[in-house]
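Enquirer:
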Amino acid sequence: MAEFKTLTSTAAPLRVENIDTDQIIPAKYLTAVTKEGMGLGCFSNWRYLTDGSDNPEFSLNKPQFQGAKILVAGRNFGSGSSREHAVWALTDYGFRSVIAPAFADIFYNNSLKNGLLPVVLPEDVVQTLWDTLEANPNAEITVDLPSQKVTLPDGSSVDFQIDPFRKLCLLEGVDDLGYIMKREAAMNGYEAKRPY
Amino acid sequence: MGKTLFEKVWDAHVVAQDEGAPAVLYIDTHLIHEVTSPQAFSMLRERGLKVRRPERTFATMDHSIPTRMANATDVIPLEMWGTEQATQVQTLRKNCSDFGVTLWDIAGEVQGVVHVVGPEMGITHPGMTIVCGDSHTSTHGAFGSLAFGIGTSEVGHVLASQCLLQSKPKTMAINVSGQLSAGVTAKDIILAIIAQIGADGGTGYVFEYRGSAIEKLSMSERMTICNMSIEGGARAGMIAPDQTTFDFVEGRAHAPKGDDWTRAVAYWKTLPSDPDAVFDREIHLDASKLEPMVTYGTNPGQGAGITGHIPKESELENPAHQRALSSALEYMGLSEGQAINGLPVDVVFIGSCTNGRLEDLRQAASILKGKQISSGVMGIVVPGSKDVRNKAEAEGLDKIFTDAGFEWRGAGCSMCLAMNEDKAGAGKYVASTSNRNFQGRQGPGSRSLLMSPLMAAAAAVSGHVVDVRQML
Ligand code: SF4
Numbered sequence: 014m015a016e017f018k019t020l021t022s023t024a025a026p027l028r029v030e031n032i033d034t035d036q037i038i039p040a041k042y043l044t045a046v047t048k049e050g051m052g053l054g055c056f057s058n059w060r061y062l063t064d065g066s067d068n069p070e071f072s073l074n075k076p077q078f079q080g081a082k083i084l085v086a087g088r089n090f091g092s093g094s095s096r097e098h099a100v101w102a103l104t105d106y107g108f109r110s111v112i113a114p115a116f117a118d119i120f121y122n123n124s125l126k127n128g129l130l131p132v133v134l135p136e137d138v139v140q141t142l143w144d145t146l147e148a149n150p151n152a153e154i155t156v157d158l159p160s161q162k163v164t165l166p167d168g169s170s171v172d173f174q175i176d177p178f179r180k181l182c183l184l185e186g187v188d189d190l191g192y193i194m195k196r197e198a199a200m201n202g203y204e205a206k207r208p209y
Numbered sequence: 329m330g331k332t333l334f335e336k337v338w339d340a341h342v343v344a345q346d347e348g349a350p351a352v353l354y355i356d357t358h359l360i361h362e363v364t365s366p367q368a369f370s371m372l373r374e375r376g377l378k379v380r381r382p383e384r385t386f387a388t389m390d391h392s393i394p395t396r397m398a399n400a401t402d403v404i405p406l407e408m409w410g411t412e413q414a415t416q417v418q419t420l421r422k423n424c425s426d427f428g429v430t431l432w433d434i435a436g437e438v439q440g441v442v443h444v445v446g447p448e449m450g451i452t453h454p455g456m457t458i459v460c461g462d463s464h465t466s467t468h469g470a471f472g473s474l475a476f477g478i479g480t481s482e483v484g485h486v487l488a489s490q491c492l493l494q495s496k497p498k499t500m501a502i503n504v505s506g507q508l509s510a511g512v513t514a515k516d517i518i519l520a521i522i523a524q525i526g527a528d529g530g531t532g533y534v535f536e537y538r539g540s541a542i543e544k545l546s547m548s549e550r551m552t553i554c555n556m557s558i559e560g561g562a563r564a565g566m567i568a569p570d571q572t573t574f575d576f577v578e579g580r581a582h583a584p585k586g587d588d589w590t591r592a593v594a595y596w597k598t599l600p601s602d603p604d605a606v607f608d609r610e611i612h613l614d615a616s617k618l619e620p621m622v623t624y625g626t627n628p629g630q631g632a633g634i635t636g637h638i639p640k641e642s643e644l645e646n647p648a649h650q651r652a653l654s655s656a657l658e659y660m661g662l663s664e665g666q667a668i669n670g671l672p673v674d675v676v677f678i679g680s681c682t683n684g685r686l687e688d689l690r691q692a693a694s695i696l697k698g699k700q701i702s703s704g705v706m707g708i709v710v711p712g713s714k715d716v717r718n719k720a721e722a723e724g725l726d727k728i729f730t731d732a733g734f735e736w737r738g739a740g741c742s743m744c745l746a747m748n749e750d751k752a753g754a755g756k757y758v759a760s761t762s763n764r765n766f767q768g769r770q771g772p773g774s775r776s777l778l779m780s781p782l783m784a785a786a787a788a789v790s791g792h793v794v795d796v797r798q799m800l
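As structure tokens, then:
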């Protein structure tokens, strides 16, 4: 898993609530048997017009937001399907962090397992951030995991919460499996005395 | 202090718990399907790992497969599928055979939507932990199991270790009292709950549906409700096991037998929440006040009763809700304040793990019998499993559907997520018995109106959304 420490980047605003994983990666891109190339389908229903060309109206297609590694979206981001393809699509597209007022559980979990940092910030901060980014697309944001702080374009900073265990995994780039597998003895003991 | 059903099941599955770390939770049953498992098996191969408990792992094919039939009994042959879909199916076959996992193949007797097949085969028991790389795994909570969807990384973790690292969620009691009136169903209960709490109202919680209205429901109806827990933001929803549950499980292929059965039932009877158990949050719903529900928007929380209206932006306080409403209505081509009764319908989809079981098909057929689908409306019925299809055919339900002008299909997910060729066209309104009305969920540009099988059948006949209670 990719590690995450600190990230300074421009950010793309996506002023939409309840962005479900069907929007992040529509079902037609789920027919692959590998993780590669999912970025192509990222937000494809919004990003492309019916003839396949780029939709110039869509925020991420605007020249000023190219190369942004941070996405700033509305509440309940990543709701719906458990498809981890949504996270693979975002990371393949180039995002390393998503800021939103709230995330759906499964998406939040899946992100942490792929080095994509989901950051929960208060609704009013996100609102202001959208306005700032739309007015000044070159503005940079810093997401610092060790100090759990986001530094906003105006220099002010906001704290965010993250489970300490998950934080450690991200900082070191390790996944759950190694941790679980060290519990071999406990697992054997557990399996030996199942309730029925 | 007593424990809730959830806490009992959780506590019984904690293998290890370090201070400040999530629990290592044992998983009793792992369901897999062709779409979210290939990358997990690749991870096993890369790391030289085996499947720890192949006998606890079950696979079927449902999401991307075609449901069109070559003849009366078989779906079309593999060579005629989309190439990528065929590759997924062949990859699953190879993975199951290489790793020793039971596969309910499309070519076999048993197959269908993973959450319909699991309970049918008796692998879903009270008190179990069940996971699947699919968010509607919450369906199995109807049996009093803790069942939730996971991502593909976690599918790999469970394959390799039969365990998951999980932080303990909070609990929410959803008390449903009162008697449902005629024409109002389990689907309406869950749509009403989600409309009340919102599509993210349950984030971080496990629901327990309880109360007199829930106790009266059949297993099929309980599954409809638990299925959509995820649409309210909860990863899992549970219902206490009772005699209805035991009667459903008993005698099925993978149900405990003999002394094991007796021991199992004795254990299952200890699972319901203790009278003094405390939930982190409680909500109440009076089932007798409900009417048939229909969604008008692009998340399952945007629903209203059949005699109601789409809200006006000015009626909503939260700016985020206002934004969500205006973007939903723009996509749906509907207006604020518009009446639910009379909303347009072009396509009717009856199926999915929410409402693709035998009882659902019986309900839809009861409305359609001797009637014709409205001209200009296209309808398909997709049974949740081969077993559902066979039983429906034995009762002559297929004949009622085809006589009415519906297409009768093979088992699978089909137009619930439109990964195969079953897509409603752009701009089309779909009266759907499935669980998600996201933009383009049922095909690019499609507009979903979620409702019960009774309401979908009534819409098919009328050519628009109509109150099924007038047709009973
Ligand atoms: S029927 Fe629909 S909701 Fe159920 S598993 Fe299939 S795609 Fe998912």
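Just so you know, the protein sequences line up as chains L and Z, in that order. Following this note's numbering, the numbering of the first sequence begins with 14 at its first residue and continues without gaps. Following this note's numbering, the numbering of the second sequence begins with 329 at its first residue and continues without gaps. For glycine and all other residues, C-beta sits at the position ideal for the given N, C-alpha and C.
Can we count cysteine 744 (chain Z) as close to ligand 1, meaning its CB is less than 7 Å from some heavy atom?
Expert: Yes, ligand 1 has a heavy atom inside 7 Å of this Cβ.
Enquirer: Classify valine 794 (chain Z): buried if its beta carbon has 16 or more other beta carbons within 10 angstroms, exposed otherwise.
Expert: Valine 794 (chain Z) comes out buried.
Enquirer: Residues of the stretch 119-139 of chain L with a CB closer than 8 Å to any CB of chain Z: list them in chain order, please.
Expert: Hits within the stretch, in order: Ile119, Asn122, Asn123, Lys126, Asn127, Glu136.
Enquirer: Starting from the beta carbon of glycine 65 (chain L), find every residue of chain Z whose beta carbon is closer than 8 Å, and list them in chain order.
Expert: Those do not exist, as glycine 65 (chain L) stays about 12 Å from chain Z at its closest Cβ, beyond 8 Å.
Enquirer: Report the residue ranges of all alpha helix (DSSP H) runs contained in full by the stretch 420-479 of chain Z; include only those spanning at least 4 residues, in chain order.
Expert: List check, alpha helix (DSSP H) in window: 442-448.
Enquirer: Near isoleucine 518 (chain Z), what residues of its chain come up, given a Cβ to Cβ distance below 7 Å and the 5 sequence neighbours on each side ignored?
Expert: Thr552, Ile553, Met556.
Enquirer: Using a Cβ-Cβ distance cut-off of 8 Å, determine whether glycine 210 (chain L) contacts chain Z.
Expert: The structure shown has nothing for residue 210 (chain L), since chain L only spans 14 to 209.
Enquirer: Any C-beta of chain Z sitting closer than 8 Å to the C-beta of proline 76 (chain L)?
Expert: By this cut-off, proline 76 (chain L) is not an interface position.
Enquirer: Can you name the start and end residues of the alpha helix (DSSP H) that isoleucine 695 (chain Z) belongs to?
Expert: Start and end: 686-696.
Enquirer: Tell whether a beta-carbon distance below 8 Å holds between threonine 23 (chain L) and proline 150 (chain L).
Expert: Cβ distance < 8 Å, so threonine 23 (chain L) and proline 150 (chain L) count as in contact.
Enquirer: Buried or exposed for histidine 612 (chain Z), going by 16 or more other Cβ atoms inside 10 Å?
Expert: Exposed: under 16 other Cβ atoms inside 10 Å.
Enquirer: Taking beta-carbon pairs under 8 Å, can you tell me which members of the stretch 403-429 of chain Z lie near chain L?
Expert: So the list reads Gly410, Glu412, Gln413, Thr415, Gln416, Thr419, given in the order they occur along the chain.
Enquirer: When Cβ atoms are compared, which residues of the stretch 19-34 of chain L fall closer than 9 Å to chain Z?
Expert: Flagged, chain order: Arg28, Val29, Glu30, Asn31, Asp33, Thr34.
Enquirer: Quick check: the Cα distance between glycine 69 (chain L) and lysine 75 (chain L), rounded to an integer number of angstroms?
Expert: Here residue 69 (chain L) is proline; the residue named in the question, glycine, does not match the sequence. C-alpha separation (whole angstroms): 7 Å.
Enquirer: My assumption, with CB atoms under 8 Å, is that phenylalanine 46 (chain L) sits in contact with glutamine 439 (chain Z). Please give the rounded CB distance.
Expert: Contrary to the premise, residue 46 (chain L) reads as valine rather than phenylalanine in this sequence. Incorrect: roughly 20 Å between the Cβ atoms, too far for contact.
Enquirer: Identify the continuous beta strand (DSSP E) that holds proline 172 (chain L) and give its terminal residues.
Expert: Strictly speaking, residue 172 (chain L) in this sequence is aspartate, with proline absent from that position. Where aspartate 172 (chain L) is concerned, the enclosing beta strand (DSSP E) stretches over 170-172.
Enquirer: With a threshold of 16 other CB atoms inside 10 Å of the CB of aspartate 172 (chain L), please say whether the residue is buried or exposed.
Expert: Aspartate 172 (chain L) should be labelled exposed.
Enquirer: Using a 10 Å radius around the Cβ and a threshold of 16 neighbouring Cβ atoms, would you call serine 663 (chain Z) buried or exposed?
Expert: So serine 663 (chain Z) ends up on the exposed side.
Enquirer: Taking C-beta pairs closer than 7 Å, name the residues in chain L that valine 343 (chain Z) reaches, listed in chain order.
Expert: Those within 7 Å of valine 343 (chain Z) in chain L are Arg196, Ala199, Met200, Tyr203.
Enquirer: Look up serine 813 (chain Z) in the DSSP assignment and give the residues it is bridged to.
Expert: Missing from the structure shown is residue 813 (chain Z); chain Z here goes from 329 to 800 and no further.
Enquirer: For cysteine 741 (chain Z), name the three-state secondary structure that DSSP assigns.
Expert: Coil, per DSSP.
Enquirer: Label threonine 19 (chain L) either buried or exposed according to how many other C-beta atoms from any shown protein chain fall within 10 Å of its C-beta, with 16 as the threshold for buried.
Expert: Flag for threonine 19 (chain L) reads exposed.
Enquirer: Alpha carbon to alpha carbon, how far is isoleucine 542 (chain Z) from proline 569 (chain Z)? Give it in angstroms, no decimals.
Expert: Those two C-alpha atoms are separated by around 11 Å.
Enquirer: Please find out if some non-hydrogen atom of ligand 1 comes closer than 7 Å to the beta-carbon of asparagine 683 (chain Z).
Expert: No.
Enquirer: Which chain C residues are close to leucine 493 (chain Z), counting only those with a beta carbon under 7 Å from its beta carbon?
Expert: Here chain C cannot be found, since the structure's protein chains are L and Z.
Enquirer: Closer than 7 Å by beta-carbon distance: list the chain Z residues that pair up with threonine 141 (chain L), in chain order.
Expert: By Cβ distance, chain Z contributes nothing, its closest Cβ being about 13 Å from threonine 141 (chain L), past 7 Å.
Enquirer: Looking only at its own chain, which residues have a Cβ that is under 7 Å from the Cβ of isoleucine 451 (chain Z), when we skip the five neighbours before and after it?
Expert: These residues qualify, in order along the chain: Thr357, Phe386, His582.
Enquirer: Against methionine 556 (chain Z), what residues of chain L qualify as contacts under a CB-to-CB distance less than 8 Å, listed in chain order?
Expert: Near methionine 556 (chain Z) there are no residues of chain L at all, since even the closest Cβ is about 12 Å away, more than 8 Å.
Enquirer: Determine which residues of the stretch 740-763 of chain Z have a Cβ less than 7 Å from any Cβ of chain L, and write them out in chain order.
Expert: Correct list: Leu745, Ala746, Met747.
Enquirer: Give the interface partners of threonine 531 (chain Z) over in chain L, defined as CB-CB distance under 7 Å, in chain order.
Expert: Ala115, Ala117, Asp118, listed in chain order.
Enquirer: For phenylalanine 500 (chain Z), list the residues DSSP reports as bridge partners.
Expert: A small fix is needed here, since residue 500 (chain Z) is methionine in this sequence, not phenylalanine. Looking at the DSSP assignment, methionine 500 (chain Z) forms a beta bridge with Z:Phe535, Z:Arg609.
Enquirer: Do you know whose CA, among L:Asp188, L:Leu84, L:Phe71, lies nearest proline 350 (chain Z)'s CA?
Expert: Minimum Cα distance to proline 350 (chain Z) is reached at L:Asp188.
Enquirer: Is any beta-carbon of chain L found at less than 8 Å from that of isoleucine 695 (chain Z)?
Expert: Isoleucine 695 (chain Z) does not count as touching chain L.
Enquirer: Taking 7 Å as the line, does the beta carbon of proline 442 (chain Z) fall inside it for any heavy atom of ligand 1?
Expert: Strictly speaking, residue 442 (chain Z) in this sequence is valine, with proline absent from that position. The answer is yes for valine 442 (chain Z).
Enquirer: Of all the residues that make up the stretch 636-666 of chain Z, which are near chain L by a beta-carbon distance shorter than 7 Å?
Expert: So the list reads Ala648, Arg651, Ala652, Ser655, given in the order they occur along the chain.
Enquirer: Using only CA atoms, which one of Z:Ser713, Z:Ala722, Z:Thr730 lies nearest to serine 742 (chain Z)?
Expert: Of Z:Ser713, Z:Ala722, Z:Thr730, the residue nearest in Cα terms is Z:Ser713.
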